[in-house]
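For reference, the structure is listed below as structure tokens.
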Amino acid sequence: MAKKLNEKTTKTLKERRKLPLATPTDLAAAATRDISAALNQILADVFALYLKTKNFHWHVSGPHFRDYHLLLDEQGDQLFAMTDPLAERIRKIGGTTLRSIGHISRMQRISDNDADYVQPLDMLAELREDNKVLAASLREAHNITDEHRDIASSSLIENWIDETERRTWFLFEASRQGDSTGH
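Take 0 as the starting number for the sequence shown in numbering that gives the first Met the number 0 and just add one per residue.
Written out as structure tokens, the structure reads:
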């Protein structure tokens with residue numbers, strides 16, 4: 000009897016492993032589809048911006064090296080910290096997430112910068128513009144989550160917009176040229 004039950008249990012487990020992901024949610028299928036698509040787009044952009052920020056962090060040089068190096072390290076950490084909550088939110092509502100670097104590269108809207116050398120102020124300007132693009136994309140995603148009454152996703156996005164605007168502000172201020180009085 001135990002052997003038969005064990006075989007039945009084993010068969011059930013094998014069948015379950017073949018089932019598609021079907022996380023229970025009270026959101027409609029269309030909401031899950033739309034929100035997951037928007038959040039995956041954000042996730043691809045965040046990964047791309049994270050790697051670009053770290054690239055510039057690793058390759059910055061010049062008289063403001065320490066300040067820029069630390070700023071970009073902090074901003075890279077902020078971006079990376081967004082990735083897991085983003086992906087887990089997609090899974091919580093029944094969606095599937097990005098699965099590879101190739102998937103990210105097909106979806107990202109943030110341009111890579113593979114140049115051998117980039118002037119430090121150009122790095123800051125490029126990252127500032129990329130963060131502005133990310134903020135606009137987050138607002139678009141927020142509209143979608145609001146439309147589907149996904150309050151939890153909207154709340155996360157609101158915090159990420161604030162963080163993104165802060166990064167944009169810091170990049171702007173760090174790249175300003177002082178006048179003769181130092182201001």
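Glycine residues also receive a C-beta, built at the ideal position from the N, C-alpha and C atoms.
Just so it is clear, the structure is predicted and the values come from calculations on it, not from any experiment.
Residues near residue i by beta carbon distance below 8 Å, same chain, minus five either side
i, result
"Gln-176", "none"
"Ser-136", "Gln-40, Ile-41, Asp-44 and Arg-108"
"Ile-92", "Thr-22, Thr-24, Leu-26, Ala-30, Thr-31, Ile-34, Ser-35, Asp-149 and Ser-152"
"Glu-157", "His-141"
"Trp-57", "none"
Residues of its chain near residue i, where Cβ-Cβ distance is below 6 Å and the 5 sequence neighbours each way are ignored
i, result
"Ile-109", "Asp-44, Ala-47, Leu-48 and Asp-129"
"Met-0", "For Met-0, the predicted structure reports a pLDDT of 49, less than 50, and the residue's modelled location is therefore unreliable. The matter cannot be settled from this model."
"Gly-94", "Thr-31 and Ser-35"
"Tyr-67", "Val-59 and Pro-119"
"Ile-103", "Ala-43, Phe-46 and Leu-97"
Element boundaries [alpha helix (DSSP H), containing residue i]
i, result
"Pro-62", "No alpha helix (DSSP H) holds Pro-62; DSSP gives it neither H nor E."
"Asn-130", "119-146"
"Gly-101", "100-106"
Three-state class that DSSP yields for residue i in the structure shown
i, result
"Asn-54", "helix"
"Thr-167", "helix"
"Asn-112", "coil"
"Leu-71", "helix"
"Met-0", "Below a pLDDT of 50, predicted positions are generally treated as unreliable, and Met-0, at 49, falls in that range; no measurement from the model is reported."
"Ala-37", "helix"
"Leu-26", "coil"
"Leu-78", "helix"
"Asp-161", "helix"
"Ala-183", "Here the chain covers residues 0 to 182 and nothing more, so residue 183 does not appear."
"Asp-66", "helix"
"Ile-92", "coil"
"Asp-44", "helix"
Residue j beta carbon less than 7 Å from that of residue i
i, j, result
"Ile-41", "Ala-140", "yes"
"Ile-100", "Ala-134", "no"
"Ile-150", "Ala-37", "no"
"Phe-55", "Met-122", "yes"
"Arg-88", "Ser-154", "no"
"Lys-53", "Gly-75", "yes"
"Arg-127", "Leu-71", "no"
"Thr-82", "Lys-131", "no"
"Gln-77", "Glu-162", "yes"
Check: residue i C-beta below 6 Å from any heavy atom of the ligand ATP
i, result
"Gln-176", "As for the ligand ATP, it is missing from this structure, which has no ligand bound."
Own chain, CB closer than 7 Å to residue i, minus 5 neighbours either side, in chain order
i, result
"Leu-85", "Leu-38, Ile-41, Leu-42 and Val-45"
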